[in-house]
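Counting from 14, one number per residue, gives the positions in the sequence shown under my numbering.
We treat Cβ as the ideally placed atom computed from N, Cα and C, and that holds for glycine.
Please read all numbers here as calculations on a predicted model, not as lab measurements.
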Amino acid sequence: MRYIVCIKQVPDIETVKINPETGTLVREGVKSMINPYDLYALEAALQMKECYGGKITLLSMGPPQAEEALREGISYGADEAILLSDRAFAGADTLATSYTLAQAIRKVGEYDIIFCGKQAIDGDTAQVGPEIAQRLNLPYVTYVRKIELKENSLIVERDLDDGYQVIKVSLPALLTIVKEIGEPRVPSVRGKMRAKKIDIPVWTAKDIGAREDKIGLAGSPTRVLKIFSPPPRGEKEIFSGTLEEQVKSLWDKIGSVLK
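Okay, structure coming up:
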């Protein structure tokens, strides 16, 4: 079995800052990490490898420092990693990102399952995984919480608001993973040592045969014009005391507003 896991390096949400003049994220001096949902995707791949054997390849598009995220992924148990890094990739929206990743996956060659986190915490679109599948003409299932291999197909549970679906999907396929798949494991000491030494190739737009009009800003029909924190909405009031006293204070407050 051959598994590909797409991961993204994102800013640590606890240290994110916004430039008030430009309305863009301040990345300089801000700690980065692997997108949390992508760790669940990696955990899913590791579980499959433990049950059915195989090889895990990590794939990430980003600036040179995204190599840190790939090395961390190696420490969890992935076998190899590839970084897609080129100034031409900058400013990509989900369409341009999915095109770039799909081109890289074609270059990787044979694979059985592509794993993605359900979404990235910086964009929250949940679009890249399904778009990759569409570009590669693959069947896909989103919000997967359980996976079982049956001959050349997968039986998966898809998480819903009011329960779950059981779906059979043929291979190769793409899955986006939710946290119910299982808590990500802790990297081993051996994994950390291996991650420090492993060679991570860097592929450019030319390496993956990407068209200039399909990547980066040129290939992005959407633009993020501004990022801002919403202004405070009115005054805040905190009620204290016992639960009964707080309920009474809230009821009195509502009554005075409605009068």
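8 Å Cβ cutoff met for residue i and residue j
i, j, result
"residue 90", "residue 204", "yes"
"residue 335", "residue 180", "Since the first residue of the chain shown is 14 and the last is 272, residue 335 is not available in this structure."
"residue 230", "residue 104", "yes"
"residue 70", "residue 92", "yes"
"residue 197", "residue 126", "no"
Residues sharing a beta bridge with residue i, DSSP
i, result
"residue 129", "19, 189"
"residue 46", "23"
"residue 171", "157, 178"
With 16 other Cβ atoms within 10 Å as the buried cut-off, status of residue i
i, result
"residue 128", "buried"
"residue 21", "buried"
"residue 165", "exposed"
"residue 189", "buried"
"residue 240", "exposed"
Given residue i as reference, the closest of the options once Cα atoms are compared
i, options, result
"residue 81", "256, 103, 44, 199", "44"
"residue 206", "171, 151, 88", "88"
"residue 234", "110, 100, 64, 97", "110"
"residue 159", "177, 113, 150", "177"
"residue 236", "56, 220, 85, 136", "136"
"residue 16", "49, 55, 47, 48", "55"
DSSP state of residue i mapped onto helix, strand, coil
i, result
"residue 219", "coil"
"residue 213", "coil"
"residue 261", "helix"
"residue 196", "coil"
"residue 184", "coil"
"residue 206", "helix"
"residue 72", "strand"
Contact with chain C by residue i, beta-carbon distance below 8 Å
i, result
"residue 187", "No chain C is part of this structure, which consists of one protein chain only."
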